[in-house]
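What follows is a single structure, written as structure tokens, with notes after it.
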Amino acid sequence: MANSMIQFPTVKHIVLFTYIIIFSTGFGSLAALLVLSIRLKQPFTRRMLLVQGLFISSLALVAIYYYLMQVMGLVGPRQQQVETVFGTIGTLLNMGLYLGMWWILGLREFRKARGKLNLGARISCLVSVGIMVSGLAGSLLPTSFLHAMTPTSLWQIFVYLTVAVTLSLFGLNLIKADMQQQHHAYRLLVHGIGYCTLAFVPLSLLELFLNRATQNSLHPLSLEYLFYLGINTVVLVASIQSLAKNPNSATAFEPVSDTTLSRFSLTPREKEMTALIAQGLSNKEIAGHLGISEATVRTHIYNLFQKVGAQSRIELLNLLHD
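Below, the structure written as structure tokens:
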């Protein structure tokens, strides 16, 4: 009778299932980033492909490690070997992750808008990489002074603070980036990832207090999973928006009449610009289509706003269709 009773899944299997769920949404976000790269043609989306790939690889590594140690019950000398190998690979992936963030911050749209904030974030990324190199050297070289220094509480606090500062500065750079003239899906992507990254710090701090209060009884369940899910959700929603027509610009895809264009005394170039704006193209896409710089595109759009009396693209198109 006892053998026929329903057996509920253990905490180990619930944790593994959680990893699989986040892992699957991560694959979805990779596909979504590929769509965004094709649709928006922005360097940020291409560089985020690398960063997101490293995120997913790190999560997969943790899931495999947890399965071997907790579900399969790997013990003995092989356990130490597995811990060394997985720890080394995990550190290398994290180093690549922070270098990817440094690479993203090198984009002109972030460097130009927030000089000191951007510089501080890029330096912090490199410091984080240096810390990881020190930790890796300490674990692989038992006779070095780093081996004795890295396990200490003071070192762990220093590592946590550095990571917190790095992620905070990275998130602030993305949030404060000027996306006013960009496609709405691109704005959602950049600002959404920025807010998710900024939320990582309080989530990890809250988890630290919870672990102390519960004596790590919730381990390895982590509030940081919300950070991963948040980024994956933002990327998926942004990709959907990039494929959809903006509901706030119902007239955006309708051609503007010649009578209306003549009424505002638009130049031939401005008329051409208006047609491309009506198609929902971004400044970068318009520049590529016309073979001019983005700065020239912004100048033409500014002149259009002045002539028509508009403050935004949507208002411009609505006024031209009145």
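Heads up, the sequence shown is in this note's numbering, so the first residue is 794 and it goes up one at a time. All C-beta atoms in this analysis are idealised placements derived from N, C-alpha and C, irrespective of residue type, glycine included.
Exercise for the section: Indicate whether Ser927 and Gly883 have their beta-carbon atoms separated by less than 8 angstroms. Expected result: no
Exercise for the section: Tell me where the alpha helix (DSSP H) around His1093 begins and ends. Expected result: Glu1087 to Val1101
Exercise for the section: Could you have a look at Met972 and say whether DSSP puts it in helix, strand or coil? Expected result: coil
Problem - Ser1058 - DSSP class collapsed to helix/strand/coil - result: coil
Practice task
Pull up the distance between the alpha-carbon of Asn1039 and that of Leu1074, whole angstroms please.
Solution key: Here the model assigns Asn1039 a pLDDT of 49, short of 50, so the residue's position is not dependable, and the following value carries that caveat. Looking at the two C-alpha atoms, the distance is approximately 12 angstroms.
Practice task
Determine, using beta-carbon pairs with one atom in the region 869-878 and one in the region 1106-1113, whether at least three such pairs fall under 8 angstroms.
Solution key: no
Handout entry: Ile897 versus Asp1051 - alpha carbon distance
Key = 43 angstroms
Handout entry: Nearest candidate by alpha-carbon position, reference Gln845, set Glu1063, Ile1024 and Asn1096
Key = Ile1024
Practice task
Compute the Euclidean distance between the alpha carbons of Met972 and Arg980, then round it to the nearest angstrom.
Solution key: 6 angstroms
Practice task
Look at Ser1032 and Glu1017 and say whether their C-beta atoms are less than 8 angstroms apart.
Solution key: no
Practice task
Classify Gly1084 as helix, strand or coil using the three-state DSSP reduction.
Solution key: coil
Practice task
Return the CA-CA distance between Gln1104 and Val1027, expressed in angstroms with no decimal places.
Solution key: 27 angstroms
Practice task
State the DSSP-derived secondary structure class of Lys909, mapped to helix, strand or coil.
Solution key: helix
Problem - Rounded C-alpha distance that separates Leu861 from Val828 - result: 35 angstroms
Practice task
Pull up the CB-CB distance for Gly893 and Leu847, whole angstroms please, since I reckon it's below 8 angstroms.
Solution key: 6 angstroms
Problem - Cα-Cα separation between Leu965 and Lys905, rounded to whole angstroms - result: 14 angstroms
Exercise for the section: Just the C-alpha distance for Arg840 and Ser830, rounded to the nearest angstrom, thanks. Expected result: 9 angstroms
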